[in-house]
Each structure stands twice: as structure tokens, then as C-alpha cells.
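S.K.: Counted from 1, the sequence shown has number 5 at position 4 by the numbering used here; the numbering is strictly sequential.
The beta-carbon is built from N, C-alpha and C at its ideal position, and this holds for glycine as well.
Just dropping this structure here.
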Amino acid sequence: MATLLIVLGLYLAYFGARLAMRAGDISLFVWAGDRYTDPLAVAPHLSVLTDSNGYDGQFYYRLAVEPFTSAHTDHGVSFDSNPAYRQQRILYPLLAHALALGRPQLVPTALVVVNLIAAAALGWFAGALAKAWGQHALTGLLAALYPGLILTFDLDLAEILGAALVVGTLWLLTRKRHVLATLSLCLAVLAKETTIGLAVAAFPAYLWARLLTSRRAPRWHLWLVPGALYVLWQAWLRYNWGTASLSDGTVTGNVTVTSVRSRAPAIWRALVVHVPQMDLIAIELLALLIFVLLVFLALWRSQETLHVKLAFLSYVGLAAIITHYLGGDWAFMRALTELWMIGSAILLATRHRGVGWLALAAALSWGAMAVVMLLYR
């Protein structure tokens with residue numbers, strides 16, 4: 002409960018400060034821009050920035066008004082080049098739609114409220130996971146106060162909900178509540194498609210444990226049911242829009258071994274550009290690399306399951322090839338959310354007292370990021 006109250010209190014404090022800066026206009030969390038949102042066609046309750054692309058929150062707003070739409074342009078908002086890619090993350094806007102009772106004028110508020118509830122849930126699950134591994138509940142702040150999540154809260158994005166469901170799944174697995182863990186992972190897949198990596202990693206761990214007749218094997222439904230749901234949902238998206246969410250353009254734009262201007266991976270190019278300046282992005286990248294290194298060092302000692310360790314390794318592999326580092330911290334801090342959540346679980350399962358200091362560092366980093374957001378962005 003302590004982690005829940007701390008996390009919710011911090012997010013509420015940030016929300017209050019940001020709302021005051023935005024003159025009480027909660028619709029500015031959507032961050033709609035006139036390139037995709039027509040100020041003359043959209044409902045009057047939504048503020049639209051002029052000469053701006055806006056950000057992804059405007060697409061979640063559009064889906065929260067009409068979750069299962071098949072129209073490229075409606076309610077004053079047009080999707081960008083791949084509507085299926087936007088609609089695949091349906092859970093966040095669907096919950097906002099339900100909370101708003103289907104009323105468009107309530108959607109901007111509902112999007113913020115859903116994220117606040119998700120942040121509280123993340124705090125509770127993270128504290129419970131820490132206690133399950135014999136740690137103090139407050140060490141769960143290592144996961145719950147991942148600094149990248151403040152960026153997503155500021156712009157009505159889906160990562161907080163996805164993170165809460167991933168950590169909830171990991172906690173349920175430690176409690177051996179396998180059916181509920183499968184349900185939680187299914188919801189995570191609908192919140193953010195990249196969480197499917199946790200289900201994919203369960204398959205080789207399942208086969209390996211079966212060969213060794215180990216009792217720590219993940220249940221068959223942990224990989225089969227979320228995997229089947231993912232395939233069916235992607236099939237519906239293709240039917241609805243006539244194109245897959247992972248089209249060639251989407252894959253090329255987000256995942257490639259090399260950047261457009263260099264044969265080196267995008268993360269290396271970002272490090273070369275930012276580390277000499279030691280700017281905020283350099284600090285973020287170096288902190289993430291140190292975190293990954295610490296998790297690698299803890300892999301052997303950690304009591305987490307093979308399934309979770311394989312998931313971490315798969316997300317490290319994905320992190321090495323994404324191009325998000327070229328789009329600033331708004332992009333790569335979001336993209337690495339699952340890596341941080343699963344890495345945090347591995348560290349918590351070491352039962353090392355030093356994890357408490359890492360949790361403190363995460364909390365201070367979250368606070369520093371919040372201050373930077375309020376003062377400079």
C-alpha cells in the first residue's frame with residue numbers, strides 16, 4: 002500500500018502542477034496538433050496546437066471517442082499513415098471510453114484518470130512483487146517510478162497501463178496464480194503489443210522445463226493464449242484496415258539494425274552525438290546502459306524464472322536494433338518500458354540489499370525528470 006500511495010501521490014502532484022501551467026485545460030494532455038486534428042471539425046472541448054504535428058495522444062483520444070472505428074478521418078482527427086498500428090493498442094482508449102460513458106467531452110479527463118489509476122496499480126503490483134521476493138515493499142519503486150513513464154503520462158500515452166499489467170503478471174506468477182497471470186498478460190498485449198515478448202519467452206522456457214521435468218515451468222496457456230489473442234487481434238486489424246499493423250514502412254521506421262545515415266546501430270549513433278555534450282539524453286542513455294549491465298550481472302544470482310530471464314534478453318536484443326534513439330527521449334524512454342520492468346523484477350529477485358539504493362535512484366530520477374518536464378518542456 003505504501004508504494005501505491007507514494008506513486009499515486011507523485012503523479013497527482015505532477016498532474017496538478019502541469020494542469021496549472023496549462024491554465025486548467027486538461028485537453029492539452031492529449032497534445033493534438035493541427036496536422037492531424039482539424040480545429041474546425043473537432044469538438045470544442047479539445048484544444049489544438051497550431052503549426053504542430055501533435056503527438057500520439059491525439060490518436061488515443063480519437064480511439065477513446067470511437068474505439069472500433071474503421072474510418073481514417075472522423076471526429077475531427079485523422080490517423081497517420083498506419084491506423085492499424087494505432088488501433089492495436091486498444092485497451093487504454095477502450096477503458097477511457099468506458100470511463101467517459103461514451104461522451105466525447107469527458108474523454109480528455111478520462112484519459113488522464115485511466116493513467117492515474119494505472120500508475121496506482123503499478124505502484125501496488127511493484128510493492129507486492131518486491132515483498133514476494135523478500136524485499137521491502139518500497140524497493141518496488143525501482144519499477145514503479147521508471148523515469149520514462151512521466152513522459153507518457155504527460156502526453157496521454159499507453160505505457161503506464163502496459164507496465165502495470167506486465168508487473169502484475171510477474172507478481173501473479175510469483176504467487177503461482179497462473180490463470181490470472183495469463184489473463185493479465187492478455188490484457189497487456191491489448192494495451193501495448195510489445196508486451197507479447199513476455200509470452201514468446203515463455204515458450205522456450207516451457208519446452209526446456211518439460212525436458213528437465215522441472216516444476217518451475219511456465220504453464221502452457223501463458224504463451225499459447227496471449228499468443229493466440231495477439232494473432233487474432235492482428236488479423237482483425239488487417240481486416241479492418243486492409244493492412245497489417247506491422248507494415249513494411251512501420252518496421253523500417255522503428256526497427257532496423259542500422260540508422261539511416263550510418264551503418265552503426267541507432268543507439269551507438271545517439272551516444273556518439275550526445276555523450277560528448279553530456280546533455281539530458283546522454284545521461285538517460287548512460288543510466289539505461291548501467292541498468293542493463295546491473296541486470297546482466299544479477300542474472301545468475303537472481304531467483305527469477307528462466308522465462309523472465311529469457312524475456313529480458315529478448316528485450317535487450319530488441320533495444321539494440323530499434324531506431325527510437327534518433328527520435329529523442331520521448332521515443333526511446335517509452336520503447337524501453339518493458340525492458341525496465343522485467344529487469345527490475347530480476348533485480349528484486351536477487352534479494353540483495355543494494356536494490357534499495359537502486360530504487361532510491363529511480364525515485365530521484367523520476368523526480369528530476371518531472372522537474373525538467375515542468376520547467377523546460
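Using only alpha-carbon positions, find the residue among T153, T195, G355 and A65 that is nearest to T110.
M.R.: A65
S.K.: Only counting the same chain, and skipping five residues up and downstream in sequence, which positions put a Cβ closer than 8 Å to that of V190?
M.R.: T196, I197, A200, P227, L230, Y231 and W234
S.K.: The alpha helix (DSSP H) spanning I91 covers which residue range?
M.R.: No alpha helix (DSSP H) holds I91; DSSP gives it neither H nor E.
S.K.: Can you tell me which of the three DSSP states L300 falls into?
M.R.: coil
S.K.: Just verifying my parser: in three-state terms, what is the DSSP assignment at L348?
M.R.: helix
S.K.: Just how far apart, CA to CA, sit V79 and V274?
M.R.: Note on residue identity: the sequence assigns Ser, not Val, to residue 79. Going by the C-alpha atoms only, they are around 34 Å apart.
S.K.: What is the DSSP secondary structure of G328, counted as helix, strand or coil?
M.R.: If DSSP states are grouped into helix, strand and coil, G328 belongs with the helices.
S.K.: Roughly how many angstroms lie between the CA atoms of A321 and E160, to the nearest whole one?
M.R.: Taking the straight line joining both Cα atoms gives about 20 Å.
S.K.: Less than 8 Å between the C-beta atoms of V113 and I7, yes or no?
M.R.: no
S.K.: Does the structure place the stretch 132-151 close enough to the stretch 362-369 that three or more beta carbon pairs sit under 8 Å?
M.R.: yes
S.K.: Take L158 as the anchor and find which of A206, A97 and W209 has the nearest alpha-carbon.
M.R.: A97
S.K.: Looking at H76: is its Cβ nearer than 8 Å to the Cβ of V43?
M.R.: For H76 and V43, yes; Cβs fall inside 8 Å.
S.K.: V168 and L130: beta carbons closer than 8 Å?
M.R.: yes
S.K.: Unbroken alpha helix (DSSP H) runs of length 4 or more, entirely within the stretch 167-215: which are they?
M.R.: If you keep only unbroken alpha helix (DSSP H) runs of at least 4 residues inside the stretch 167-215, you get 179-192 and 197-212.
S.K.: Any idea which residues DSSP pairs A33 with across the strands?
M.R.: V49 and G55
S.K.: Please determine, among W237, F313 and K177, the residue with the shortest C-alpha to C-alpha distance to R217.
M.R.: K177
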